[in-house]
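Residue numbers (UniProt numbering): 1 to 369. All residues carry an ideal CB built from backbone N, CA and C; glycine is no exception. Keep in mind it's a predicted model, so treat the numbers as computed, not measured.
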Amino acid sequence: MNKNINILNISKSKINLLDLNRIDLRSFLISLGAKSFTAEQIMKWIYNYYCDDFNKMLNISIRIRNRLHETACIFASKFIEEKVSCDGTIKWITAINNQKIETVYIPEEKRSTLCISSQIGCALKCNFCATGKQGFNRNLTVSEIISQIWRANKILKQKKMKKCITNIVFMGMGEPLLNLKNVISALKIILDKHGFSLSKRRITISTSGVVPGLDKLRISMIDVCLAISLHAPSDCIRDCIMPINKKYNIASILNSALKYLQYSNANRGRITIEYVMLDGINDSNKNAEQLAQLLHYIPSKINLIPWNHFIGASFQCSDINRINIFANILRNKGFTTVIRKNRGEDINAACGQLTGTIINRIKKTLINL
Numbered sequence: 001m002n003k004n005i006n007i008l009n010i011s012k013s014k015i016n017l018l019d020l021n022r023i024d025l026r027s028f029l030i031s032l033g034a035k036s037f038t039a040e041q042i043m044k045w046i047y048n049y050y051c052d053d054f055n056k057m058l059n060i061s062i063r064i065r066n067r068l069h070e071t072a073c074i075f076a077s078k079f080i081e082e083k084v085s086c087d088g089t090i091k092w093i094t095a096i097n098n099q100k101i102e103t104v105y106i107p108e109e110k111r112s113t114l115c116i117s118s119q120i121g122c123a124l125k126c127n128f129c130a131t132g133k134q135g136f137n138r139n140l141t142v143s144e145i146i147s148q149i150w151r152a153n154k155i156l157k158q159k160k161m162k163k164c165i166t167n168i169v170f171m172g173m174g175e176p177l178l179n180l181k182n183v184i185s186a187l188k189i190i191l192d193k194h195g196f197s198l199s200k201r202r203i204t205i206s207t208s209g210v211v212p213g214l215d216k217l218r219i220s221m222i223d224v225c226l227a228i229s230l231h232a233p234s235d236c237i238r239d240c241i242m243p244i245n246k247k248y249n250i251a252s253i254l255n256s257a258l259k260y261l262q263y264s265n266a267n268r269g270r271i272t273i274e275y276v277m278l279d280g281i282n283d284s285n286k287n288a289e290q291l292a293q294l295l296h297y298i299p300s301k302i303n304l305i306p307w308n309h310f311i312g313a314s315f316q317c318s319d320i321n322r323i324n325i326f327a328n329i330l331r332n333k334g335f336t337t338v339i340r341k342n343r344g345e346d347i348n349a350a351c352g353q354l355t356g357t358i359i360n361r362i363k364k365t366l367i368n369l
């Protein structure tokens, strides 16, 4: 049972079932006198039918439904605002105790991706990222992570959208590996055939390089796609734009990623390297050569990300000709290299633009693991 879930105190406060993966839910239901298979039945109601009313779960005994009313709830944090981009991208804003997080839905021809947040704000303070400028408030709970998917799916079904969620990326607000315990529990629900039932190859965790978290993710045997937010070809440059590099340098990050890759089936033999294009900072021909040399032993796909403007930033995005030249150098070195298409920029939903509103900001930098 998840240590955050104290069954002994269920009389004092109700348990949100969205906080429980299948193992935890089974333990909780057994404590109420239910059979273990009731967990699968209830998960089907929650994640297949998006039902949050115990009275409608007619295949659950009245006795157990009454106990659930007394001790539990199904509460998904609500979206308070929706913004729709001219390119079809949707950004939803969730209010959580006077704070806000953002979730982005990106429809494409062959898939639809939901970009979810794992923290309110971010502790890593990357200079080129609006989220990092907001500071860090707290980690999201399991239910707050899961709520983003639950609400989005329910809305898309209500709108009768042709493209419901096929892929999930932990690339929204926050560093997922600094909220690893709750992220892993959420992943178990996302992967579970009785939960959202997504393939491990359709879930991506993006990390700025929290090495202990990456090692723990591997040890926990959670196999999902991995993306490394590298953004620089050398420690010298990375130190200037990503403070975390002074704690976990490039060599340590790539070595840890390589270990994860050797264990993983989801990644199909290579990881994704994310690289934001900053004019005059990391976009020269020499930088491209350095990046190629740095990654020569790492099976990888490189995503070049045109930098997205936000108020107060001092950076400029590399122009498209410079990005193309940079990409071609990498391609000529044998690297699969993609220039990411910006989505949702007109509603501040593009990569690095998510902010929310941070109130009573907690002054923290790196969370110890």
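Closest in C-alpha terms to Met173, from the list Ile120, Asn265, Cys240, Ala266, comes Ile120. A residue is called buried once 16 or more other Cβ atoms fall within 10 Å of its Cβ, and Ala34 is buried on that count. The closest CA to that of Val183, considering only Gly88, Glu81, Leu214, is found on Leu214.
Counting of Cβ neighbours within 10 angstroms places Ile311 among the exposed residues, the total staying below 16. Sequence-distant Cβ neighbours of Arg151 in its own chain, meaning closer than 6 angstroms and more than five residues away, are Ala76, Phe79. Following the DSSP letters along the chain, one finds Gly269 in no beta strand (DSSP E), marked with neither H nor E.
When only Cα atoms are considered, Ile60 and Asp53 end up about 12 angstroms apart. Unbroken alpha helix (DSSP H) runs of no fewer than 4 residues, entirely contained in the stretch 281-364, are found at 285-294, 320-332, following chain order. Residues of the same chain with a CB within less than 6 angstroms of the CB of Leu291, apart from the 5 flanking positions on each side, are Pro233 in chain order.
The shortest C-alpha to C-alpha distance from Tyr275 to any of Tyr263, Gly352, Lys200 is the one to Gly352. As for any beta strand (DSSP E) of minimum length 3 sitting wholly inside the stretch 201-260, the runs are 203-207, 225-229, ordered along the chain. Non-local beta-carbon contacts of Pro299 in its own chain, meaning distances under 6 angstroms to residues more than five positions away in sequence, involve Gly269, Arg270 in chain order.
Annotation: Thr113 is outside any alpha helix (DSSP H); the continuous beta strand (DSSP E) that includes it extends over 112-115. The DSSP assignment places complete beta strand (DSSP E) segments of no fewer than 3 residues inside the stretch 77-154 at 79-84, 90-96, 99-107, 112-115, 119-121, 136-139, in order along the chain. Note on Asp235: under 16 other CB atoms within 10 angstroms of its CB, so exposed under the neighbour-count rule. Counting every other CB atom within 10 Å of its CB across the protein chains shown gives Val211 a total of 16 or more, marking it as buried. Contact between Leu20 and Thr71 is absent: CB atoms are separated by about 12 angstroms, not below the 8 angstroms threshold. Leaving aside the five residues that flank Ile253 on each side, the residues in its chain whose CB is nearer than 8 angstroms to its CB run, in chain order, Gly209, Val211, Leu214, Ile228, Leu230. Judged by beta-carbon spacing, Ser264 lies within the 8 angstroms limit of Asp223, meaning their Cβ atoms are closer than that value.
The closest CA to that of Arg111, considering only Leu187, Ala350, Cys164, Thr207, is found on Cys164. Residue environment analysis places Arg26 among the buried positions, since at least 16 neighbouring C-beta atoms fall within 10 angstroms of its C-beta.
The DSSP-derived three-state label of Leu68 is helix. For Asn182, the enclosing alpha helix (DSSP H) begins and ends at 180-191. Comparing alpha carbon positions, the residue from Glu109, Asn66, Cys73, Phe136 closest to Asp87 is Glu109. A straight line joining the alpha-carbon of Leu278 with that of Tyr47 spans about 41 angstroms.
Fewer than three beta-carbon pairs drawn from the stretch 246-261 and the stretch 190-206 are found closer than 8 angstroms, and the two stretches are therefore not classed as touching. Around Leu114, the same chain offers Thr103, Val104, Tyr105, Ile106, Gln148, Ile149, Ala152, Ile165, Asn167, Ile168, Val169 as residues with beta carbons nearer than 8 angstroms, after the five sequence neighbours per side are excluded. Contact between Asn267 and Leu261 holds, with the beta-carbon distance rounding to 6 angstroms and staying under 8 angstroms. Sorting Cys240, Ser256, Val84 by C-alpha distance to the C-alpha of Asn282 places Cys240 at the top.
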